[in-house]
Amino acid sequence: PSQALRNKYRRTPVFSGTIAPFAIMLEIPGFTSKWYVHITPSGQPDVYRANPVLLDVGLAFSLTSAVIANLAILARFSERMRPRKATAIAVAGFFIHDVINLVALIIFGVIHAVDDGFTYSEAYWMTTASTVASICCTISLVVDYLRTEDFKDAGSGLTKKQSQLVIVIVAFLAYISLSALVFALVMQLPFLDAMYFSVESIATIGLGDIVPKNTASRILLFFIAPGGIILLGVMVAIARQTILEEFEDAYKRRRHQYKQKLSERQKERKQHRQDRANVRSNLSRQMKKAKEGEGKEDNDDDDATDESIQQDPTESSASNGDLSLYPTTSMANSISATTTLHQYEEDLITQRKEIEDRFEIHRKKLAKAQRNEFWLKLSISASLFACFWLVGAAIFSAIEPWSYFDGFYFVFVVFTSIGYGDFHPTTSSGRAFFIVWALFGVGTLTVLFSVVTDAWSNVIQQRKYRLGRKAHKHGKIRKKMNGAFERILPAGMREKR
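Right, dumping it as structure tokens:
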């Protein structure tokens, strides 16, 4: 692809737009919950200690900066604002957010690094996760700015489908956050538990550990859950289209190479046919001249024979005998022309075979590259899925009082959205991790299903292409056989047919 095309569509903005909303969503529990908690021997939170006022004020400024940064990113990707201006606002907002959070986390961590029976709550770690997401987004924005030539005229950096994906991700995470806020107020839940309930409800997992118990929460569920499920379906569909769009670009590049080689082969074959026709035409003229010369020599021989009759018979026979030992000039020309024709025919056949061999080699290389690319994509997506499964099971078994097999089983039940409810996170840390893990798990499954779907489509297309080629080949053979049969039949039988 050209430099202009690389500047217009880039992968870094996709990462920035996807990770940016997490800076807000993950900080809301940190802003609304207390950071210091006493844990009972059974692992349950007992007493929360109130946050310092300065911490709450700082987190309010931090959260506001993250919201402004996300709005700037949305304005850039929706092309409502110039890329340079929007990126500058986003980087500044995330920078303020990161500085405030880092200072708060470090100071709070140092002051409370004492053995007083209290420990950092899930709100502290959710704020840490929000800071990590914000730092990653800031770095990606800066890298994209530095690597892109003529950034001010480079556009948003996303295709239409990628822009739609970023917008729907922001809308989905905002929907979860607002739903959690509503459920927290109506069901009298901590914000983290309300967000956990929103995620498992919208993802249609339904573990049954938190359920709406009053009429108001049940009525709200009628309106909130369907909207979230529909939004999740739209997000998965657009994500799949975006992934397949990336696959389609690679397919188009290979097809362009194939068409280029096919065009080169057609030009070479056309030149080959023209050369062959020229050779036949030239040699045909030479053969014609040779025959005309032979006729002239025959006339000369007839005159010479008439003269020899008047001479001595012995001399005449000797003379004729000597002439019969040497070919005439026309005969030599005819033999030479025929030999040359055969040589040219052999050379042209060799050249055509080389043309076909080169094209076949290139076609096999493209097919091999396509297979390798597919196996690479499948390996990466399957490895990512296995990583989420195995690592997720390990983390859940470490956080919750489960064995590794119990964690492995729980992850499988959640991934398949079966949701038996026999295992579910009971600790605040387990629920906090579940929120992030479940949301990224949706993306992981989308990637895996997209790769498998693309592979299945390619298998069907290749099968149809091979069947079409066989049918075309058999049709040509049948046509040739019918033509040969028609030529063999007598005229009367051909008329009857």
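With the first letter of the sequence shown counted as 1, position 177 gets the number 177 in full-length UniProt numbering; the numbers rise by one all the way through.
We put the beta carbon where it would ideally sit given N, CA and C, even for glycine.
Note that the structure is a prediction, hence the values are computed from the model and not measured.
Residue i, DSSP secondary structure in three states
i, result
"Tyr420", "coil"
"Ser319", "Its pLDDT being 44, under 50, Ser319 is placed unreliably in this model, and the coordinates cannot settle the point."
"Val91", "helix"
"Thr127", "helix"
"Asp312", "The predicted position of Asp312 is uncertain, since its pLDDT is 49 and thus under 50; no value can be drawn from it."
"Leu26", "coil"
"Gly157", "coil"
"Met235", "helix"
"Arg11", "coil"
"Ile19", "helix"
"Thr148", "coil"
"Pro190", "coil"
"Glu79", "coil"
"Ser134", "helix"
"Leu325", "Here Leu325 scores only 43 on pLDDT, less than 50, and its place in the model should not be relied on; the value that follows carries that caveat. DSSP places Leu325 in coil when its eight states are reduced to three."
"Pro226", "helix"
"Ser281", "helix"
"Ser62", "helix"
"Ser163", "helix"
"Ser33", "coil"
"Ser2", "Note on Ser2: pLDDT 42, under 50, position unreliable in the model; no value is reported."
One or two residues paired with residue i in a DSSP bridge
i, result
"His112", "Its beta-bridge partners do not exist; DSSP assigns none."
"His38", "Val47 and Phe118"
Rounded distance between the beta-carbons of residue j and residue i, thought under 8 Å
i, j, result
"Ala239", "Gly443", "7 Å"
"Val186", "Pro21", "The pair is not a contact, with the Cβ atoms about 24 Å apart (cut-off 8 Å)."
"Ser201", "Ala184", "Actually they do not touch by this definition, with Cβ atoms about 14 Å apart."
"Ser417", "Ala203", "7 Å"
"Gly407", "Ala393", "4 Å"
"Phe108", "Arg49", "Phe108 to Arg49, Cβ: 11 Å. No contact."
"Thr87", "Leu105", "The Cβ separation is near 26 Å, so there is no contact."
"Glu245", "Thr159", "7 Å"
"Val447", "Ile243", "6 Å"
"Phe412", "Phe423", "Their Cβ separation, rounded to whole angstroms, is 10 Å, which puts Phe412 and Phe423 out of contact at 8 Å."
Distance cut-off 7 Å: residue i Cβ against heavy atoms of the ligand GTP
i, result
"Asn214", "Summarising the ligand content, the structure contains no ligands, and the ligand GTP is consequently not present."
**OP:** Determine contact between the segment 446 to 455 and the segment 416 to 432, defined as no fewer than three beta-carbon pairs at a distance below 8 Å.
**Re:** For the pair of segments examined, the segment 446 to 455 was found not to touch the segment 416 to 432: the number of CB pairs separated by less than 8 Å stays below three.
Original post:
Do the segment 162 to 169 and the segment 231 to 239 touch if we need at least three Cβ pairs shorter than 8 Å?
Top reply: Three or more Cβ pairs drawn from the segment 162 to 169 and the segment 231 to 239 lie within less than 8 Å of each other, which places the two stretches in contact.
Original post:
Taking only runs of the beta strand (DSSP E) that begin and end inside the segment 193 to 219, which ones reach a length of at least 3 residues, in chain order?
Top reply: Scanning the segment 193 to 219 from its first residue to its last, no whole beta strand (DSSP E) run of 3-plus residues comes out.
**OP:** Decide if the segment 48 to 58 is in contact with the segment 169 to 178; the criterion is three or more beta carbon pairs, one per stretch, under 8 Å apart.
**Re:** Taking 8 Å as the limit for Cβ pairs, the verdict is that the segment 169 to 178 does not touch the segment 48 to 58.
**OP:** Could you tell me whether the segment 12 to 26 touches the segment 131 to 148, where touching means 3 or more Cβ pairs closer than 8 Å?
**Re:** Flag = yes, the segment 12 to 26 and the segment 131 to 148 touch.
Original post:
Quick one: any contact between the segment 60 to 71 and the segment 32 to 49, if contact means 3 or more CB pairs under 8 Å?
Top reply: Cβ pair count under 8 Å is below three, so no.
**OP:** Would you be able to state if there are at least three C-beta pairs under 8 Å between the segment 120 to 133 and the segment 25 to 41?
**Re:** In short, these stretches touch, since the Cβ pair count reaches three.
**OP:** Say whether the segment 67 to 76 touches the segment 87 to 107, bearing in mind that this needs 3 or more beta-carbon pairs closer than 8 Å, one atom from each stretch.
**Re:** Note that the segment 67 to 76 touches the segment 87 to 107; at least 3 beta-carbon pairs, one per stretch, sit closer than 8 Å.
**OP:** Report the residue ranges of all alpha helix (DSSP H) runs contained in full by the segment 373 to 449; include only those spanning at least 4 residues, in chain order.
**Re:** Runs of the alpha helix (DSSP H) inside the segment 373 to 449: 404 to 415.
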